[in-house]
Each structure stands twice: as structure tokens, then as C-alpha cells.
Amino acid sequence: MLWVFLLAAATAFGGKTYTGVPVVGIEGLSPPRFQTVDTGWAATVPNGFVTIYVGHSEVEAQRWIERQLLRVGPVAGTANEDLAKTLEVDEAFGGGLKLLIFRAGNVGVCSKSRTNALPWAKAIRSAIVDLNIPWPSAPKISLVDGLWKIESPTTSRQVSFVGGIPTNSGDLRFHEAPYRLISWDSWGRAAWTDTASR
Numbered sequence: 150m151l152w153v154f155l156l157a158a159a160t161a162f163g164g165k166t167y168t169g170v171p172v173v174g175i176e177g178l179s180p181p182r183f184q185t186v187d188t189g190w191a192a193t194v195p196n197g198f199v200t201i202y203v204g205h206s207e208v209e210a211q212r213w214i215e216r217q218l219l220r221v222g223p224v225a226g227t228a229n230e231d232l233a234k235t236l237e238v239d240e241a242f243g244g245g246l247k248l249l250i251f252r253a254g255n256v257g258v259c260s261k262s263r264t265n266a267l268p269w270a271k272a273i274r275s276a277i278v279d280l281n282i283p284w285p286s287a288p289k290i291s292l293v294d295g296l297w298k299i300e301s302p303t304t305s306r307q308v309s310f311v312g313g314i315p316t317n318s319g320d321l322r323f324h325e326a327p328y329r330l331i332s333w334d335s336w337g338r339a340a341w342t343d344t345a346s347r
């Protein structure tokens with residue numbers, strides 16, 4: 150009975166954790182469009198688009214995959230062991246022509262195309278990196294001269310917010326503080342904090 154527990158623990162906690170996927174520099178991908186902490190970031194490609202999610206853990210990426218599969222339906226979301234082997238990933242779904250969803254450790258990818266989704270999935274799979282770079286820190290907010298000001302970490306590629314009433318200055322100052330602050334780094338990882346203003 151102990152071996153069953155150990156196997157379950159190894160499966161739950163022993164998954165590969167990658168740094169992420171570079172948000173720029175993959176040939177053919179548009180500049181990134183950062184979405185939410187739950188959906189990841191997206192880029193257009195010729196004849197389609199890709200969505201990439203980098204979670205803290207394999208479990209978070211599995212949940213993201215499950216949400217993607219609910220959106221595409223049971224036929225398109227059929228497991229594809231051959232594509233999983235080809236891409237050298239933990240799991241893959243779809244036929245690869247118009248849709249390919251895969252997970253490699255803590256990274257989830259959805260590639261959709263009107264012609265062929267596989268080349269984009271391969272390009273992203275080969276771009277997944279495993280570097281010794283800590284997870285980014287979340288932005289902070291403070292009250293300065295009667296306005297709320299977001300302080301972004303130096304590693305931020307982009308900072309976004311949810312809610313709040315921004316000033317017209319364009320420098321991340323607010324009359325009313327946002328209730329969520331999100332910082333994205335160069336590897337597509339999101340760090341966030343919820344403020345008390347909600």
C-alpha cells in the first residue's frame with residue numbers, strides 16, 4: 150500500500166517545471182498579447198494563433214489544458230499519443246492540422262490554424278526553456294501624493310491591472326486603485342497581487 154502512496158506523490162509532485170517560453174524571438178509569432186493569469190498569453194501566426202500558459206506547477210498546466218479541452222469539444226479534444234511522442238510532451242490532444250493542444254510539464258500550449266497547427270506547436274515546444282531563473286515577483290501599489298501608483302518589478306515585460314480608475318497621465322497612476330495587479334516576465338510567467346480596494 151505504501152508504494153501506491155509513493156507513486157501518487159511522485160506523480161503529483163515530481164513533474165517537470167520549466168522556466169517558460171520566450172515571449173519574443175520565436176520566428177513567425179506576433180508580439181505577445183498578455184491576457185489573464187488564468188489564460189496566459191497569445192500570439193497570432195500565419196493562418197491562426199497560439200495561446201501559451203506557464204503555470205507554477207504541472208497541476209496548474211493540467212487544469213489549463215482541461216479548460217481548453219472544454220472549449221474545443223470532445224471530438225477535437227481527443228488524446229493523441231502519437232503527437233505526444235513526436236513533440237516529446239506529457240500529453241497532446243487534437244489532430245495537429247487545425248488544432249493541437251499539448252502540455253510539457255508546467256507549460257500548456259494551444260495551436261490553432263486554418264492550414265496546419267503542428268509547425269507552430271513544434272516551434273513553441275522547441276522554445277521551452279529550463280533556466281535557473283526565479284519566478285517573477287508581483288507588482289506593488291502605493292499611495293503617492295493622493296494617487297495610487299503601481300511599482301513594477303525590474304523583470305517585468307508588461308504590467309497590467311484589473312479595475313481601478315486611471316489618471317490621464319499614462320504612467321500607471323490611479324484615482325482609485327485597481328483590485329488586481331499583474332506582472333508578466335520575458336518567459337510568459339505571470340505574478341499577481343490582489344489589492345484591498347475591491
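Take the sequence shown: its letter number 132 is residue 281 in our numbering, and every next letter is one higher. A virtual CB, placed ideally from N, CA and C, is assigned to each residue, including glycine.
Where residue 242 and residue 293 are concerned, what is the direct C-alpha to C-alpha distance, given to the nearest angstrom? 49 angstroms
Query - CA nearest to the CA of residue 172, picked from 199, 214, 255 - result: 199
| field | Supposed close pair residue 309, residue 183 - CB separation, criterion 8 angstroms | value | 6 angstroms
From the DSSP secondary-structure annotation, give me the bridge partner or partners of residue 343. 329
Task: contact_flag[the region 248-255, the region 270-282] where n(CB pairs < 8 angstroms) is 3 or more - done: yes
Please go through the same chain and pick out, in chain order, the residues whose beta-carbon is closer than 8 angstroms to the beta-carbon of residue 315, but skip the five residues on each side of it. Counting only Cβ-Cβ distances below 8 angstroms, and skipping sequence neighbours, we find 321, 322, 323, 324.
message = Taking the straight line between their C-alpha atoms, what separation do you get for residue 175 and residue 268?
response = 12 angstroms
- [ ] Compute the beta-carbon to beta-carbon distance between residue 229 and residue 244, rounded to the nearest angstrom, for a pair I have assumed lies under 8 angstroms.
- [x] 7 angstroms
Margin query: Am I right that residue 272 and residue 177 are in contact with their C-beta atoms under 8 angstroms? What's the rounded C-beta distance?
Written below: 7 angstroms
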